[in-house]
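If you're matching them up, the sequences are chains W and R in order.
Counting along the first sequence from 1, when you hit position 61 you're at 120 in the working numbering, and nothing is skipped either side.
Counting along the second sequence from 1, when you hit position 37 you're at 648 in the working numbering, and nothing is skipped either side.
Just so it is clear, CB atoms sit at the ideal spot from N, CA and C, and this is done for glycine as well.
No experiment lies behind these values; they were computed from the predicted model shown.
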Amino acid sequence: DTGVSQDPRHKITKRGQNVTFRCDPISEHNRLYWYRQTLGQGPEFLTYFQNEAQLEKSRLLSDRFSAERPKGSFSTLEIQRTEQGDSAMYLCASSLGGLAGDTQYFGPGTRLTVL
Amino acid sequence: AQTVTQSQPEMSVQEAETVTLSCTYDTSESDYYLFWYKQPPSRQMILVIRQEAYKQQNATENRFSVNFQKAAKSFSLKISDSQLGDAAMYFCAYRSTGNQFYFGTGTSLTVIP
């Protein structure tokens, strides 16, 4: 396995359009996380899944954002009616879970630019 | 809510020397994990080292070690024998019992040849 992958790597869209990002975690990992990172800042937690269940959701995640992880494999993050403030790097990470400190492995991110 | 503070936006170190990056955090929890992640320019984030709060012994990974002071809520990273490949943005992170992660704003490390 080559690690966490994300698609697309870059997305440019116009304000008001909907966008969807995909994350493929490391195959045996049951936890999957989404973060948003803006320039000069650390990643901000958005949400995470344990298998197909969405267990935590940040207050940062407005009702324009929705995430799914059907069948506990890949995950999608959709942003509806994009705004310029949504421009950021969206990072996905996965982990095995359990009691081992839950080390996360990050993907390369999807850079979103909203014009 | 938990917060993570990295008070050094930028640091530099001479190659082969030692540098320490600072991190403090605020929490009311007693059981948690702390991490240092490295994010090289235009590359993905990778784990450098982690520390379980219930362990008094400081974690060590080759040239990387931490100084974990639980009472002071301090978690600094020491890089020994710095190498050019250590140049990156370093993020301190806290994992809560609810499995949410909180990251600091990062410290940009420059290694001078």
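Item: Contact check, F675 (chain R) vs I690 (chain R), beta carbons under 8 Å; Value: yes
Item: Near the ligand ATP: K649 (chain R) beta-carbon under 7 Å from a heavy atom; Value: As presented, the structure is devoid of all ligands, the ligand ATP included, so that no description of it is given.
Item: Cutoff 8 Å: Y701 (chain R) Cβ touching any chain W Cβ; Value: no
Item: Element boundaries [beta strand (DSSP E), containing M656 (chain R)]; Value: M656 (chain R) -> no beta strand (DSSP E), and no H or E assigned at all.
Item: Cβ-Cβ distance between T718 (chain R) and Y701 (chain R) below 8 Å; Value: yes
Item: 8 Å Cβ cutoff, T97 (chain W) in contact with chain R; Value: no
Item: Short Cβ contact (8 Å threshold) for T135 (chain W) with T79 (chain W); Value: yes
Item: Against chain R: residues of the segment 99–112 of chain W by CB proximity under 8 Å; Value: G99, Q100, G101, P102, E103, F104 and Y107
Item: Residues of its chain near S633 (chain R), where Cβ-Cβ distance is below 7 Å and the 5 sequence neighbours each way are ignored; Value: Q617, S618, Q619 and S687
Item: Within chain R, the residues that F165 (chain W) reaches when beta carbons sit closer than 9 Å; Value: Y648, Q650, Q655, M656, I657 and L658
Item: Segment contact, 8 Å Cβ cut-off, at least three pairs: the segment 623–641 of chain R with the segment 108–116 of chain W; Value: no
Item: Classification of S639 (chain R) by the beta-carbon crowding that lies within 10 angstroms, buried from 16 upward; Value: exposed
Item: Under the three-state DSSP convention, the category K130 (chain W) falls into; Value: helix
Item: Strand pairing of N678 (chain R), partner residues [DSSP]; Value: R:S687
Item: Interface residues of the segment 659–671 of chain R facing chain W [CB-CB below 7 Å]; Value: R661 and E663
Item: Short Cβ contact (8 Å threshold) for T70 (chain W) with L174 (chain W); Value: Reading off the sequence shown, one finds Lys at residue 70 (chain W), where the question assumed Thr. Taking 8 Å as the Cβ cut-off, K70 (chain W) and L174 (chain W) do not qualify as a contacting pair.
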